[in-house]
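Numbering (my numbering), first residue to last: 1173 to 1349. By construction, the Cβ of each residue, glycine as well, lies at the ideal position given by its N, Cα and C atoms.
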Amino acid sequence: FHKVIIMPSTIRGYSDLFINNIDKFVVFCRENITFDYIKSLNYEPNKNVFITDDMAFYLDLNKYLSLKPVYKKQANCFRTDSESLTGDYKENNHDISLTWNGDYWDNEFLARNSTRCMINFLEEYKVVNTDRLHVAILASLLGKEVNFYPNSYYKNEAVYNYSLFNRYPKTCFITAS
């Protein structure tokens, strides 16, 4: 391959892969920890490593809204996989990202419908509690009150600090107690 563009990601590990392909990879990072890590592998800012928001922030939300009224108080959307920090699932938990997870993200129509379903689910709630990054982003874009919890590594807090903290005042990061 001539060039590989890695869209906004959180990256840890794989140093040999990145070092061995420094002339082929263009890396977009979605938070500062990854950005600093990739720079430490001799990537050059604004040449082959960049920092930007997660792609979900570029979503044209109006194309997906159902305009359902908010009539439910609170959604718990916590991970039920290995990225869960505690494995302690809240009452009435809906791991909605996992519901539509699968091998079909290369199918544009299924990906759009999955996104629409997630947004339509979240539209009904006033408050969203989650440790899922894209649930937190979508709920923030919808103007919900979001209680965003850590996952098993730094990703959630790092993206919160880079993209959510100063722009979405109704989104709070809840540190582990």
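Assumed close pair residue i, residue j - CB separation to whole angstroms, cut-off 8 Å
i       : j       : result
Ile1346 : Phe1320 : 7 Å
Tyr1297 : Lys1244 : 5 Å
Leu1294 : Leu1310 : 6 Å
Ala1228 : His1306 : 5 Å
Cys1249 : Thr1302 : 4 Å
Phe1200 : Pro1180 : 5 Å
Asp1267 : Arg1288 : Incorrect: roughly 18 Å between the Cβ atoms, too far for contact.
Asp1253 : Leu1237 : No, Asp1253 and Leu1237 are not in contact; Cβ-Cβ is about 28 Å, not under 8 Å.
Three-way DSSP call (helix, strand, coil) for residue i in this model
i       : result
Lys1240 : coil
Tyr1186 : coil
Glu1329 : helix
Lys1245 : strand
Lys1235 : helix
Phe1371 : The question about residue 1371 has no answer, for the chain in this structure spans 1173 to 1349.
Ile1346 : coil
Ser1269 : helix
Ser1335 : helix
Thr1258 : coil
Residue i, enclosing alpha helix (DSSP H) - first and last residue
i       : result
Ser1312 : 1305-1313
Thr1206 : 1204-1212
Ile1194 : That residue, Ile1194, is in no alpha helix (DSSP H); it is neither H nor E in DSSP.
Phe1320 : It is not in any alpha helix (DSSP H) - Phe1320 instead sits in the beta strand (DSSP E) that spans 1317-1320.
Between the CA atoms of residue j and residue i - distance to the nearest angstrom
i       : j       : result
Tyr1325 : Phe1207 : 16 Å
Leu1213 : Asp1195 : 12 Å
Leu1239 : Thr1224 : 29 Å
Lys1211 : Lys1342 : 32 Å
Arg1202 : Phe1190 : 17 Å
Minimum C-alpha distance to residue i - residue among the options
i       : options                            : result
Leu1313 : Asn1234, Glu1280, Asn1285, Asn1328 : Asn1234
Tyr1340 : Glu1329, Gly1315, Lys1327, Asn1323 : Gly1315
Thr1182 : Asn1323, Cys1344, Val1299, Thr1343 : Asn1323
Asn1265 : Arg1202, Arg1184, Val1300          : Val1300
Asn1204 : Ile1178, Asp1267, Glu1329          : Glu1329
Endpoints, the beta strand (DSSP E) within which residue i is located
i       : result
Met1290 : Counting along the chain, Met1290 falls outside any beta strand (DSSP E), though it belongs to the alpha helix (DSSP H) covering 1280-1295.
Met1179 : 1176-1181
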